[in-house]
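Quick note on numbering: the numbering used here labels position 2 of the sequence shown as 2, and the sequence is numbered without any gaps. Heads up, the beta-carbon is just placed ideally off N, CA and C, and yes, glycines get one too. Quick notes on the structure that follows.
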Amino acid sequence: MARRVMPAPDQVTVLVHGIWMQGVMMRVMGKMLEARGFRTHSVSYDFLKNTPEQNADSLYKEIGELGARRINLVGHSLGGIVILHLLHRYPDIDIDKVVLIGSPVRGSYVARRVYDTQMLRPLLGRSIEKGLLGGAPEFACKRPLGIITGSGNLGLSALLYPTGDDSDGVVRESETLIDNATDRVRLPLSHSTMIFSRECTDYVARFLSLGRFRE
């Protein structure tokens, strides 16, 4: 499936990480995309001190500093919610394609369980505000949107807070639904492993090239 493409010289694919991560975690996927011909840039944000809206503002400024005329956006988990806020707050931003990977855009069952435990609540920081507990904006951007989800059930959170078979071990399939998505694909991978997976990267690359996951 993987094939090298010739990226437009003015195009950059921006990778946005999930909760309890930093931008360096997305560099694995970034390097795999670069081997396929894409220019990439990984961002970091503070989910403890800042809301998804505030992180979207920071993301907008960082994108502006890249000097690229066209931007692809790839967000994992909470990063997908930050992207939705970015597109909502800055509807004129010139976006080419968007891919969300395991993003609980309708709110997260696991986050609610963590939030209900007072001792664990600080681990979520301000990610819960119009974010992991629900309230993220709709996808109103008239650009191709691809959604990748997983069916693996590995990881500590899957043991502590079982999410059922219809999940990636952290995020339920129903939590990722966006009515006007262009295409969807479900991979036999768990929530955190998707961003390190060559298979997942192949699907991201295909969507960024074609605007769909399958020819």
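| message | Check this for me: beta carbons of Gly146 and Asp183, under 8 Å apart or not? | response | yes
| Which full runs of the alpha helix (DSSP H) of 4+ residues lie inside the segment 6-35, going along the chain? | 27-35
| Less than 8 Å separating the beta-carbons of His76 and Glu53? | no
| task | Check whether the Cβ atoms of Gly79 and Val16 sit closer than 8 Å, and answer yes or no. | result | yes
| message | Assuming contact is defined by CB atoms lying nearer than 8 Å, are Arg39 and Val12 in contact in what I supplied? | response | yes
| field | Cβ pair count under 8 Å reaching 3, the segment 186-193 against the segment 115-132 | value | no
| message | Among the candidates Asp165, Leu208, Pro144, Met26, whose CA atom is the shortest distance from the CA of Ser197? | response | Met26
| Segment limits, alpha helix (DSSP H) that includes Asn55 | 52-66
| What residues are listed by DSSP as bridge partners for Asp183? | Gly146
| task | Measure the Cβ-Cβ separation of Ala111 and Ile128 and say whether it is below 8 Å. | result | yes
| request: Within 10 angstroms of the Cβ of Asn180, are there 16 or more other Cβ atoms? Answer buried if so, exposed if not. | output: exposed
| Is Gly150 near Leu187, with beta carbons less than 8 Å apart? | yes
| message | Is it buried or exposed, Gly18, if we count other Cβ atoms within 10 angstroms and call 16 or more buried? | response | buried
| Closest to Cys200 by CA distance: which of Gly30, Gln22, Trp20, Gly23 is it? | Gly30
| task | Look at the alpha carbon of Gly131 and the alpha carbon of Ile93, and state the distance between them as a whole number of angstroms. | result | 21 Å
| Status (buried if at least 16 other CB within 10 Å, exposed otherwise) for Glu215 | exposed
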